[in-house]
Each structure stands twice: as structure tokens, then as C-alpha cells.
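Heads up: the sequence shown at position 114 corresponds to 114 in the UniProt record's numbering, and the numbers run straight through without jumps.
The C-beta atom is built at its ideal place from N, Cα and C for all residues, glycine as well.
Note sheet for the following structure.
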Amino acid sequence: NNLLGIVNYRGICNIFRPFSKSVSEIVKRMPFVEAVDDEDLNLELSPEMGMLILVDDIINTNFVSIKETDTIQEARRLMRLHNVEMLPVVSDKKLVGMLSLLDLFIYIFKEHDIIEK
1 NNLLGIVNYR GICNIFRPFS KSVSEIVKRM PFVEAVDDED LNLELSPEMG
51 MLILVDDIIN TNFVSIKETD TIQEARRLMR LHNVEMLPVV SDKKLVGMLS
101 LLDLFIYIFK EHDIIEK
């Protein structure tokens, strides 16, 4: 199975963001939201929410990935360049893992003996 795309929080939010509006304005437009008190985002979602959106509607097929053999420096460079906090790690177009910004920080802290290895 080849990696076809990435679904992330940004993609889920963007489907409800027709224009540059405040969070409360976007949330008020969502058909499955029962009630919103201004910026209060304690939402009660209707059970039908899962039937409204398909993965195909929000999947990002134009994603950046790294190989297992890439360096930590290359991973961080790609994260900065593409403004992402997580990269899929692939081998022969197959997903073998995910590398997050937190993973990079932990690695760096261990290498500098800030935290135990």
C-alpha cells in the first residue's frame, strides 16, 4: 500500500473556511454544530457529522515526505520550508512512520544531554 496523502487538522478546518473569518464565524456556519457562545469552542457535534465529509474531501495529496536515510537537518529544513510540524517517513512510497517536530526536539535534547538517552 502506497502513501496516497495526508489528512490533518488544517485540512479539516479548511473545509469549513470559505473566507478568512474568525473561528466563531466559521463554527457558526457548520451545519452539525448545535450552539456556539462566541469564541467558546466546546462544541456538541451531531452524530451525522461523520457522514458529511469523506476523507477524499480533505486529503492532501500534494504533501512533502522524507526517507529513512534523510538527516535530521533535512527534516527540519523541510518542516520550516513547508510550514508543517509532522512529516511522513517513506520507503519505496510506503509509509514507515511519522516524524514530528517534538521528535526532533527530543532527539536534539538527548544529543546535548539535556534529557537522558
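query: What residues in its chain sit with their C-beta under 6 Å from that of D40, if we drop five residues either side in the sequence?
result: Position 40 of the sequence shown holds residue 40. Below a pLDDT of 50, predicted positions are generally treated as unreliable, and D40, at 47, falls in that range; no measurement from the model is reported.
query: For the alpha helix (DSSP H) that contains L78, what are its first and last residues?
result: The residue labelled residue 78 in the question sits at position 78 within the sequence shown. Residues I72 to H82.
- prompt: Can you name the start and end residues of the alpha helix (DSSP H) that K94 belongs to?
  reply: Along the sequence shown, read from residue 1 onward, the residue named residue 94 stands at position 94. Element bounds for K94: not the alpha helix (DSSP H) but the beta strand (DSSP E), K94 to S100.
query: Over what stretch of residues does the beta strand (DSSP E) that includes V89 continue unbroken?
result: By one-based count along the sequence shown, residue 89 stands at place 89. V89: member of the beta strand (DSSP E) spanning M86 to S91, first to last residue.
- prompt: When burial is assigned at 16 or more other CB atoms within 10 Å of the CB, is M86 buried or exposed?
  reply: By one-based count along the sequence shown, residue 86 stands at place 86. Flag for M86 reads exposed.
task: Compute the minimum distance between the beta carbon of V89 and the heavy atoms of the ligand SAM, and state whether it is under 7 Å.
output: Questions concerning the ligand SAM fall outside what the structure shown contains, since it holds no ligand whatsoever.
- prompt: Are the Cβ atoms of V7 and I59 separated by less than 8 Å?
  reply: Taking the first residue of the sequence shown as 1, we reach residue 7 at position 7. Taking the first residue of the sequence shown as 1, we reach residue 59 at position 59. Result yes, Cβ atoms of V7 and I59 sit closer than 8 Å.
message: Can you give me the C-alpha to C-alpha distance between N110 and L104, rounded to a whole angstrom?
response: For the purposes of this step, residue 110 is identified with residue 110 of the sequence shown, where counting begins at 1. For the purposes of this step, residue 104 is identified with residue 104 of the sequence shown, where counting begins at 1. This sequence places Lys at residue 110; Asn is not what is there. When rounded, the distance between both Cα atoms is 10 Å.
- prompt: Cβ of E68 within 8 Å of Cβ of S91?
  reply: As a position in the sequence shown, residue 68 is number 68, starting the count at 1. As a position in the sequence shown, residue 91 is number 91, starting the count at 1. Yes; because the gap between Cβ atoms is below 8 Å, this pair is in contact.
field: First through last residue of the alpha helix (DSSP H) which encompasses V55
entry: Here residue 55 corresponds to residue number 55 of the sequence shown, with the count starting at 1. Annotation: the continuous alpha helix (DSSP H) that includes V55 extends over V55 to I58.
message: Using the three-state DSSP reduction, which class does K110 fall into: helix, strand or coil?
response: As a first step, residue 110 is located in the sequence shown; it is residue number 110 there, counting from the start. DSSP places K110 in helix when its eight states are reduced to three.
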